[in-house]
Amino acid sequence: MAVTEFSFDIVSRADKMEVKNAIGQAEKELANRYDLKGTKCEIVHDKDDVSLIADDEFRMQQLQDIVFSKLIKRGIDARSIEWGKIEPGAGISVKCKLNLKQGIEQDKAKALTKQIRDNKALKVQSQIQGEEVRVSSKSKDDLQKAMAFVKGLDLDFPVDFVNFR
140 MAVTEFSFDI
150 VSRADKMEVK
160 NAIGQAEKEL
170 ANRYDLKGTK
180 CEIVHDKDDV
190 SLIADDEFRM
200 QQLQDIVFSK
210 LIKRGIDARS
220 IEWGKIEPGA
230 GISVKCKLNL
240 KQGIEQDKAK
250 ALTKQIRDNK
260 ALKVQSQIQG
270 EEVRVSSKSK
280 DDLQKAMAFV
290 KGLDLDFPVD
300 FVNFR
């Protein structure tokens, strides 16, 4: 009988549909907010890019708060949200980009695999594959222990588990 090996991938990505839904909710709130009526505040969403445009820095801060709260309510982890600098836009407006961190950076992936390997209680192998980390073992129980271990780590990026085999 052949020895089967089980595995899963550790990834760090935001659900694009949830981001789109959160931006839609933020646009609705922007249209209905009394204190922002008559201003040139807008949210521009193109595939992976989200740009905020406002009259001044105070309104930009309000706009960022609206978008941030909607993203959090839709389940997007705060660690995956990165705000760009507030820059002067056309005329008297200001603009800001919202970046969503996708994938695990190489140095962070190395640190994660080292932590998994250093835990002698886990009988798993981990390897970096692009922007994700694959963890494999001969036992599903060991993989579940590895998942619990990774969830318990204090990481500065959100983790999700996919491709269970």
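For the sequence shown, our numbering assigns the number 140 to the initial residue and increments by one for each residue that follows. C-beta atoms are modelled at their ideal positions from N, C-alpha and C, and glycine is treated no differently.
Considering residue i, what are the terminal residues of the beta strand (DSSP E) in which it resides?
i           : result
residue 300 : 299-301
Between residue i and residue j, how many whole angstroms is the CB-CB distance? I'm expecting something under 8 Å.
i           : j           : result
residue 233 : residue 199 : 5 Å
residue 263 : residue 282 : 7 Å
residue 146 : residue 275 : 4 Å
residue 210 : residue 289 : With 8 Å as the limit, residue 210 and residue 289 do not qualify as a contact, their Cβ atoms being about 23 Å apart.
residue 241 : residue 153 : 7 Å
residue 296 : residue 247 : 6 Å
residue 161 : residue 231 : At roughly 28 Å, the Cβ-Cβ gap does not stay under 8 Å, so residue 161 and residue 231 are not in contact.
Which same chain residues, not among the five before or five after residue i, have their C-beta less than 7 Å away from its C-beta?
i           : result
residue 227 : 233
residue 217 : 211
residue 261 : 255, 281, 284, 285, 288
residue 258 : 288
residue 164 : 209
What does a CB cutoff of less than 8 Å around residue i pick up in its chain, not counting 5 residues either side in sequence?
i           : result
residue 336 : Here the chain has residues from 140 to 304 only, and residue 336 is not among them.
residue 245 : 267
residue 304 : 145, 146, 147
residue 196 : 225, 233
Just to confirm my understanding: we take residue i, look at its own chain, exclude 5 residues before and 5 after, and list those with CB closer than 6 Å. What are they?
i           : result
residue 140 : Here residue 140 scores only 43 on pLDDT, less than 50, and its place in the model should not be relied on; the value that follows carries that caveat. So no residue of the chain qualifies.
residue 156 : none
residue 202 : 180, 191, 193
residue 299 : 150
residue 239 : 153, 219
Write down every uninterrupted run of the beta strand (DSSP E) in the stretch 149-205 whose length is 3 residues or greater and which is fully enclosed by it, in chain order.
-> Fully enclosed beta strand (DSSP E) runs of no fewer than 3 residues occupy 181-185, 188-193 of the stretch 149-205, in order along the chain.
Touch check for the stretch 215-226 and the stretch 253-270: three-plus C-beta pairs under 8 Å?
-> Not touching, per the Cβ criterion.
Counting only runs of 3+ residues fully inside the stretch 205-280, write out the beta strand (DSSP E) ranges in chain order.
-> 220-222, 233-239, 264-268, 271-276
Taking one C-beta from the stretch 181-190 and one from the stretch 156-173 each time, how about it: are there three or more such pairs within less than 8 Å?
-> yes
Is there contact here, the stretch 189-197 with the stretch 228-244, by at least three beta-carbon pairs under 8 Å?
-> yes
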